[in-house]
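Asks: Per our numbering, the very first residue in the sequence shown carries number 9; after that it's consecutive.
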Amino acid sequence: MIQLGRIVSLVSLLWLTLATMATASEVRFLAYNVKNYLTMERTAENGTVTAQPKPESEITALVEVIASSKPDIIGLCEIGTENDLADLQSRLKAAGIELPHRLLLDAPDPHRHLALLSSFPIVPHLLDPVPTFPIGATRMPINRGILDATVTIRPDFELRLMGVHLKSKREVPQFDQEEIRNQEAFVVRNHVIRSLNAAPKTRLILFGDFNDTKQSTAVHMIRDAGNPEHLLSDVRLQDSRGHVWTHFWAHNELYSRLDYVFVSRQLRPFVVMDQSRVIDHPATAEASDHRPLLIVIKSEAR
């Protein structure tokens, strides 16, 4: 009877090991600008303006959208404090999406941050000091920084994750918003080039809100510059209707593709395009002004 119990235990252990290996052989990465998941001044229905967190209706919709995508890793734009990130993490766990590891990037922008939630351990690569660029007679930091981290899916399969949120199209005093965005893109591209030069076999994902369109200088700079061996591939995704837009600007009734996922040549063969997509869950409109991008990665090249 004791031997039978040991056999059952060993079989159970083997089953759990195989299940874990099967899960780790496919990774679901979600890139998402979650639209001001933070406390900020908001206008109530009666017209009063007070500091309030993201509305509960938006958070409920956001969690529903994310849970429907069943991600293993989420790259986030526009998250607030560490407490805000922990709040989202806790809500996702209650919805059945357990992502125990998290990283919030500290950057010059004190309000809107880049972050990761992951089912795999995260090893950050901190950029110190924050990269700067010349503009006019001064130098400016890249305002939201560059999130840079490695997650180990298995001992033989790592992903390098870089996240950015470039300057919006809103005008700023004294400087041209497009020039700022282009300079930020140049800084990001240089960081990518240095990273790939140092480790040419890196399986890299560069994700985020680039606040510009496919043919813009900023996006071209990210995608096309550098050694041909280090060119990044634009993973062009569609929703269930064949649409590619990721952002809706309600004020101008304008649909645009502003969010991107780029991958290195070393990772491109592992991307499963027929399972990767722009998420068009019905709750996306309530959750954020952006739609999330889902990338499915197999650990064996296709």
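From the three backbone atoms N, C-alpha and C, an ideal C-beta is built for every residue, glycine too.
1. Which one or two residues does DSSP pair with H109 in a beta bridge?
2. What residues are listed by DSSP as bridge partners for D242?
3. Using DSSP with H/G/I as helix, E/B as strand and the rest coil, what is D232?
4. Among all the DSSP beta bridges, which residues are the ones paired with F141?
5. What residue from K43, V42, V57 has the CA that sits closest to E49's CA?
6. In three-state terms, what does DSSP make of F165?
7. Taking C-alpha atoms, which residue in V286, R152, Y45, P163 lies nearest to L174?
8. Suppose you measure from the CA of N41 to the CA of N91; what does that come to, to the nearest Å?
9. Note the first and the last residue of the continuous beta strand (DSSP E) segment covering Q191.
10. Go ahead and pull the three-state DSSP assignment for F218.
11. What would DSSP say about E53, mapped onto helix, strand or coil?
12. Give a yes or no on whether the C-beta atoms belonging to R168 and L204 are separated by under 7 Å.
13. Quickly, what does DSSP pair D92 with across the bridge? List them, please.
14. Is DSSP giving A291 helix, strand or coil here?
15. Going by beta-carbon coordinates alone, are F128 and I87 separated by less than 7 Å?
16. What distance in whole Å lies between the Cβ atoms of V195 and F256, which are believed to be in contact at a cut-off of 8 Å?
17. What residue does the alpha helix (DSSP H) around V71 start on, and which one ends it?
18. When you compare only the Cα positions, how much space is there between L112 and C85?
19. Which of the three DSSP states, helix, strand or coil, is assigned to V180?
20. When the Cβ atoms of the stretch 279-295 are set against those of the stretch 243-254, are three or more pairs found closer than 8 Å?
21. Based on DSSP bridge pairs, tell me the residues matched to V42.
22. Candidates V131, E261, S98, V252: which alpha carbon is nearest V269's?
23. List the residues that DSSP assigns as beta-bridge partners of I82.
24. Measure the C-alpha to C-alpha separation of K62 and S126 and round it to an integer number of angstroms.
25. Does the distance from the CB of D217 to the CB of L266 come in under 7 Å?
26. Once you ignore the five residues that flank V73 on each side, which residues in its own chain have a CB closer than 6 Å to its CB?
27. So the beta strand (DSSP E) F256 belongs to, where does it begin and stop?
28. Is the separation between the beta-carbon of D156 and that of M170 shorter than 7 Å?
29. Quick one: what does DSSP say R99 is sitting in, helix, strand or coil?
30. In this structure, does DSSP put T47 in helix, strand or coil?
31. Can you give me the C-alpha to C-alpha distance between D80 and P300, rounded to a whole angstrom?
Replies: By the coordinates alone:
1. S126
2. Bridge pairing for D242: F270 [DSSP].
3. helix
4. M148
5. V57
6. strand
7. Nearest option by C-alpha distance: R152.
8. 17 Å
9. From DSSP, Q191 is part of no beta strand (DSSP E) but of the alpha helix (DSSP H) over 185-206.
10. coil
11. coil
12. No, these two residues do not count as a Cβ contact at 7 Å.
13. DSSP output for D92 lists no bridge partner at all.
14. coil
15. no
16. Not a contact, Cβ separation roughly 28 Å.
17. 64-77
18. If I take the Cα positions, the gap works out to 10 Å.
19. In this structure, V180 counts as coil in the three-state DSSP scheme.
20. Contact between the stretch 279-295 and the stretch 243-254 is present, because at least three Cβ pairs lie under 8 Å.
21. BP columns for V42 are empty, so no partner.
22. V252
23. L38, L125
24. 22 Å
25. yes
26. H289, A291, T292, A295
27. 255-257
28. yes
29. helix
30. Residue state, collapsed to three classes: coil.
31. 14 Å
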